[in-house]
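Notes follow the structure.
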Amino acid sequence: MKRFMMEKAYTPASFTYFFFTGTLGMLKGFSTEFISRTCNMSENELNKLVNSQTGALITKLSKILDMPAGKCKGTDDEFVFNLDNALADINVKNAGSLTTLTAAKLPVLTKLGVSASLVKLDANAMCSPMYTTDSEVQLTYIVKGSGKIEIVGFNGECLLGTTVQAGQMPVFGQLAGATSVWKALSPAILQASLNVTEEFAELFSSKMKDSTVFIPPPK
Numbered sequence: 001m002k003r004f005m006m007e008k009a010y011t012p013a014s015f016t017y018f019f020f021t022g023t024l025g026m027l028k029g030f031s032t033e034f035i036s037r038t039c040n041m042s043e044n045e046l047n048k049l050v051n052s053q054t055g056a057l058i059t060k061l062s063k064i065l066d067m068p069a070g071k072c073k074g075t076d077d078e079f080v081f082n083l084d085n086a087l088a089d090i091n092v093k094n095a096g097s098l099t100t101l102t103a104a105k106l107p108v109l110t111k112l113g114v115s116a117s118l119v120k121l122d123a124n125a126m127c128s129p130m131y132t133t134d135s136e137v138q139l140t141y142i143v144k145g146s147g148k149i150e151i152v153g154f155n156g157e158c159l160l161g162t163t164v165q166a167g168q169m170p171v172f173g174q175l176a177g178a179t180s181v182w183k184a185l186s187p188a189i190l191q192a193s194l195n196v197t198e199e200f201a202e203l204f205s206s207k208m209k210d211s212t213v214f215i216p217p218p219k
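Mapping of the sequence shown onto full-length UniProt numbering: residues 1 to 219, in sequence order.
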């Protein structure tokens, strides 16, 4: 997991990071009712999920655990694209440029389900407002320089108005649900991270596939 230094971090001017599992895992901070309903698990299942892994930063793997091997066998041309040197899609003199990266330029993005864009702004220039029709996960990384950013919600309310600096990253994502990061992890990784059996790791993964962002009240 990469770490990013944030001016407004949990500890200002220090590295910001968090853990999903172990004694420092975020799951320990939630109430039993909240996690059980989110993950659709019984009290016994929940206890295994939260408390089985007694390690913290670094844990020792079991000898019987077979970790997944990398499956990428393509060439560099299939996985590498120099976005910084690519021809810009939009270029406005004394204002800036926009270069997009989609599956049309890098076919592997079709499998990954992501796209990227590089925005370069001249001093005191600005980018016109944009919107997205699907914002389940959207990440913006400030490579260098600084500037102001404004984010407005669908009801016209200003949600964020602040100054961003190089190295900062506004990011939005989901912890639970079919689009959560849990779902992307293999059963072997879940088994090692949570220190549970293979069967329980598969159970937890299947629960994530069936859960949703909004949880209805208990019957």
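Ideal Cβ placement from N, Cα and C applies to all residues, glycine included.
Given the structure is predicted, the values throughout are model-derived calculations rather than measurements.
Three-state secondary structure assigned by DSSP to Thr-59: Translated into positions along the sequence shown, residue 59 becomes position 59. Reduced to three states, the DSSP call for Thr-59 is coil.
Buried or exposed by the 16-neighbour rule on C-beta atoms within 10 Å, applied to Gly-113: Here residue 113 is taken as the residue at index 113 of the sequence shown, counted from 1. Answer is exposed; the Cβ neighbour count stays below 16.
Burial state of Gln-165 (16 or more Cβ within 10 Å): Counting from one through the sequence shown, the residue named residue 165 turns up at place 165. With fewer than 16 Cβ atoms within 10 Å of its Cβ, Gln-165 is classed as exposed.
Contact check, Pro-187 vs Ser-206, beta carbons under 7 Å: Translated into positions along the sequence shown, residue 187 becomes position 187. Translated into positions along the sequence shown, residue 206 becomes position 206. The answer is no: Cβ separation not under 7 Å.
Beta-carbon gap between Ala-95 and Ala-125 smaller than 7 Å: The count along the sequence shown starts at 1 and reaches residue 95 at position 95. The count along the sequence shown starts at 1 and reaches residue 125 at position 125. In this structure, the beta-carbon distance from Ala-95 to Ala-125 falls below 7 Å.
Simplified DSSP assignment, three categories, for Ile-35: As a first step, residue 35 must be located in the sequence shown, where it is residue number 35. DSSP places Ile-35 in helix when its eight states are reduced to three.
Pairwise C-alpha distance: Ser-117 and Phe-79: The residue given as residue 79 occupies position 79 in the sequence shown. The residue given as residue 117 occupies position 117 in the sequence shown. C-alpha separation (whole angstroms): 16 Å.
Cβ neighbour criterion (16 or more within 10 Å) applied to Met-208: Indexing the sequence shown from 1 puts residue 208 at position 208. By the 10 Å Cβ count, Met-208 comes out buried.
Boundaries of the alpha helix (DSSP H) in which Leu-118 is found, first to last residue: Walking along the sequence shown from the start, residue 118 turns up at place 118. Leu-118 -> not in any alpha helix (DSSP H); beta strand (DSSP E) instead, spanning 116-121.
Length at least 3, wholly inside the segment 77-102: the beta strand (DSSP E) runs in chain order: Along the length of the segment 77-102, whole beta strand (DSSP E) runs at least 3 residues long occupy 90-92, 96-101, reported in chain order.
Those residues which DSSP pairs with Ile-149 across a bridge: By 1-based counting over the sequence shown, the position of residue 149 is 149. Within the DSSP secondary-structure output, Ile-149 pairs in a beta bridge with Thr-162.
Phe-214 versus Val-143 - alpha carbon distance: Residue numbering aside, residue 214 sits at position 214 when the sequence shown is read from its first letter. Residue numbering aside, residue 143 sits at position 143 when the sequence shown is read from its first letter. Interpretation of Phe-214 is limited by its pLDDT of 46, a score under 50 that renders its predicted location unreliable; the figure taken from the coordinates is listed afterwards. Cα to Cα, the separation comes out at about 34 Å.
Thr-59 and Leu-83 closer than 7 Å at C-beta: In the sequence shown, residue 59 corresponds to position 59, counting from 1. In the sequence shown, residue 83 corresponds to position 83, counting from 1. Between Thr-59 and Leu-83, the C-beta gap is not smaller than 7 Å, which leaves the two residues out of contact.
Residues near Glu-150 by beta carbon distance below 6 Å, same chain, minus five either side: Counting from 1 along the sequence shown, the entry for residue 150 is found at position 150. Correct list, in chain order: Gly-161.
Val-119 to Phe-81 span [Cα, whole Å]: Numbered from 1 along the sequence shown, position 119 holds the residue referred to as residue 119. Numbered from 1 along the sequence shown, position 81 holds the residue referred to as residue 81. Their Cα atoms are separated by approximately 16 Å.
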